[in-house]
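Written below as structure tokens is the structure these notes are about.
In the numbering used here, the protein residues as written are 1356 to 1760.
Right, dumping it as structure tokens:
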């Protein structure tokens, strides 16, 4: 994008120019998105407002997503009213506004002394206007026009989805959707860098996606590290990150079992096989992560220990059921251990990732207030006794570090 700064001394405040460009984008049906950031108002925990166009009962509207520290609130307004609200928020409540249209990117900024600057750039790539149908925007958290998608082979040079990658595209969007909701319910603040570690990052689809979502969609600073055992993948992804100018995104050669713990905000580990999932969860807790996202794979450790009650043996004589029981018991214990360590935890179905039929996700978001783990630990011990389980890897790791007592 070529950028030109508009600094004519005869125009001390560029607000009117910015609003005119916004109205032009709406009138010409080229408006894509507007983000209001750098909040200076009095409302507690409000961080930014993301504005898109929707259609509600056949009426064009602007949808305002008010992003707070722990929640999102959506309000829809008719176009004229929406533009008036935007005008009232600049610069009294927000000191930064980023407008995206089919052809332009426009940035309005106010300094601490109230001096305004307007930067207008022509995009070097084509974009598509998102569907204005109400709630349709919730189904897509990334735009097909994002450069990393073409570089990784998800789209072609015309920003069109490659048919063979349609499932991967759905997976990426679902992942970002889950992350977005977790982020809005977490204690993380977007006015500070969000530190993310993705273990087993592979070709980097999700690693690039979460970095792009933080930086482009949320206008936040993301410090994202992909950790991968295959050195060729590390080199491939680092080259792509440099080529695509993704500051704050890097890839390292390593394994979750030996990776040196550092403070992180978000820990991701999809497809971690058997106890590697336990090491990943342990790493997230140990590093103080506010969000932990795991998609477990294989459950050998617990399956070999389980001794089912005699009443269940006719049901469990079929190998498939035996494996499903091991999955359920293993992941339930993992969720309970996370709860005991102060996380609100969910276990739900996630779109299956490439080369596996595993589609379960364990999502943990750190609670604002700690909980007394005594009752949870009693339930854990009762489950272990029922199934005659002697050891759970995650419990062993947590107790060794004094994270579970």
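Here a beta-carbon is modelled for each residue, glycine too, at the ideal position from N, C-alpha and C.
Requested in this report: Just mark residue 1379 as buried or exposed, buried being the case when its beta carbon has 16 or more other beta carbons within 10 Å.
Outcome: exposed
Report task. Within 10 angstroms of the Cβ of residue 1673, are there 16 or more other Cβ atoms? Answer buried if so, exposed if not. Result -> Taking all protein chains shown into account, residue 1673 has fewer than 16 neighbouring C-beta atoms within 10 Å of its C-beta and is therefore exposed.
Query raised in the report: Near residue 1634, which residues of its chain fall below 6 Å by C-beta distance, leaving aside the five closest residues on each side in sequence?
Result: 1611, 1612
Requested in this report: Return the bridge partner residues of residue 1392 from the DSSP annotation.
Outcome: 1451
Query raised in the report: What three-state label does DSSP hand residue 1751 in the structure shown?
Result: helix
Query raised in the report: Given that a residue counts as buried once 16 or more other Cβ atoms are within 10 Å of its Cβ, and exposed if not, what is residue 1585?
Result: A residue is called buried once 16 or more other Cβ atoms fall within 10 Å of its Cβ, and residue 1585, having fewer, is exposed.
Query - CB of residue 1539 within 7 Å of CB of residue 1427, strictly - result: yes
Query raised in the report: Could you give the residue range of the beta strand (DSSP E) that holds residue 1651?
Result: 1646-1652
Report task. Using only the heavy atoms of the ligand SAM, determine whether one of them is closer than 6 Å to the beta carbon of residue 1616. Result -> This structure does not include the ligand SAM; it has no bound ligands of any sort.
Query - Any alpha helix (DSSP H) of 4 or more consecutive residues that is wholly inside the segment 1601-1659 - result: 1631-1641
Report task. Give the secondary structure of residue 1490 by DSSP, where H, G and I count as helix, E and B as strand, and everything else as coil. Result -> Low confidence applies here, because residue 1490 scores a pLDDT of 44, under 50, leaving its location unreliable; read the following figure in that light. Note: residue 1490 maps to coil in three-state DSSP.
Query raised in the report: Quick one: what's got a C-beta closer than 7 Å to residue 1490's C-beta in the same chain, skipping five residues either side?
Result: Confidence at residue 1490 is low in this model, with a pLDDT of 44, below 50, so its placement is unreliable and the value that follows should be read with caution. Excluding sequence positions up to five before and after residue 1490, its CB lies less than 7 Å from no other CB in the same chain.
Query raised in the report: For residue 1500, which of 1508, 1515, 1507 has the nearest alpha-carbon?
Result: 1515
**Report entry** Integer Cβ distance of residue 1734 from residue 1691, believed to fall under 8 Å
**Finding:** 6 Å
Query raised in the report: Using the rule of at least 16 other Cβ atoms within 10 Å of the residue's Cβ for burial, across every protein chain shown, is residue 1757 buried or exposed?
Result: When all chains shown are included, residue 1757 counts as exposed.
Report task. Flag this pair as yes or no: are the beta carbons of residue 1680 and residue 1744 separated by less than 7 Å? Result -> With a cutoff of 7 Å on beta-carbon distance, residue 1680 and residue 1744 are scored as not near each other.
Report task. Go ahead and label residue 1508 buried or exposed: buried means 16 or more other beta carbons lie within 10 angstroms of its beta carbon, across all protein chains shown. Result -> exposed
Requested in this report: Give the DSSP-derived three-state secondary structure of residue 1403 in the structure shown.
Outcome: strand
Report task. Let me know the secondary structure DSSP gives residue 1728 once reduced to three states. Result -> coil
Query raised in the report: So, helix, strand or coil for residue 1533, using DSSP?
Result: If DSSP states are grouped into helix, strand and coil, residue 1533 belongs with the helices.
Query raised in the report: Given a threshold of 16 other Cβ atoms within 10 Å of its Cβ, counted over all protein chains shown, does residue 1626 qualify as buried or as exposed?
Result: buried
Report task. Quick one: which unbroken alpha helix (DSSP H) runs of 4-plus residues sit fully inside the segment 1497-1548? Chain order, please. Result -> 1502-1506, 1521-1539
Query - Contacting residues, own chain, Cβ-Cβ under 6 Å from residue 1494 (five flanking each side not counted) - result: Its pLDDT being 49, under 50, residue 1494 is placed unreliably in this model, and the value from its coordinates should be taken loosely. Once the five neighbours on either side are set aside, residue 1494 has no close Cβ partner at all.
Query raised in the report: Since residue 1536 contacts residue 1566 with CB under 8 Å, what's their CB separation in whole angstroms?
Result: So it is not a contact: roughly 18 Å between Cβ atoms.
Requested in this report: Reducing DSSP to helix, strand and coil, say where residue 1397 ends up.
Outcome: It is coil, neither helix nor strand.
Query - Beta carbon proximity, residue 1740 to chain B, threshold 7 Å - result: Absent from the structure is chain B; it holds one protein chain and no more.
Query raised in the report: Between residue 1716 and residue 1401, what straight-line distance do the alpha-carbon atoms span, to the nearest angstrom?
Result: 29 Å
Query raised in the report: Using the C-alpha atoms, what's the distance from residue 1452 back to residue 1693?
Result: 39 Å
Query raised in the report: What three-state label does DSSP hand residue 1440 in the structure shown?
Result: helix
Query raised in the report: With DSSP run on the structure shown, which of helix, strand or coil describes residue 1594?
Result: helix
Report task. Would you grab the beta carbon distance between residue 1544 and residue 1393 for me? Rounded to a whole angstrom, and I think it's under 8 Å. Result -> Their Cβ separation, rounded to whole angstroms, is 13 Å, which puts residue 1544 and residue 1393 out of contact at 8 Å.
Requested in this report: Could you check if residue 1670 is buried or exposed, using at least 16 other CB atoms within 10 Å of its CB as the buried criterion?
Outcome: exposed
Requested in this report: Could you tell me which residues DSSP pairs with residue 1699 in its beta bridges?
Outcome: 1720
Query - Burial state of residue 1525, where buried means 16 or more other Cβ atoms lie within 10 Å - result: exposed
Query raised in the report: Got a sec, what are the start and stop residues for the beta strand (DSSP E) residue 1433 sits in?
Result: Note, residue 1433: beta strand (DSSP E), 1427-1433.
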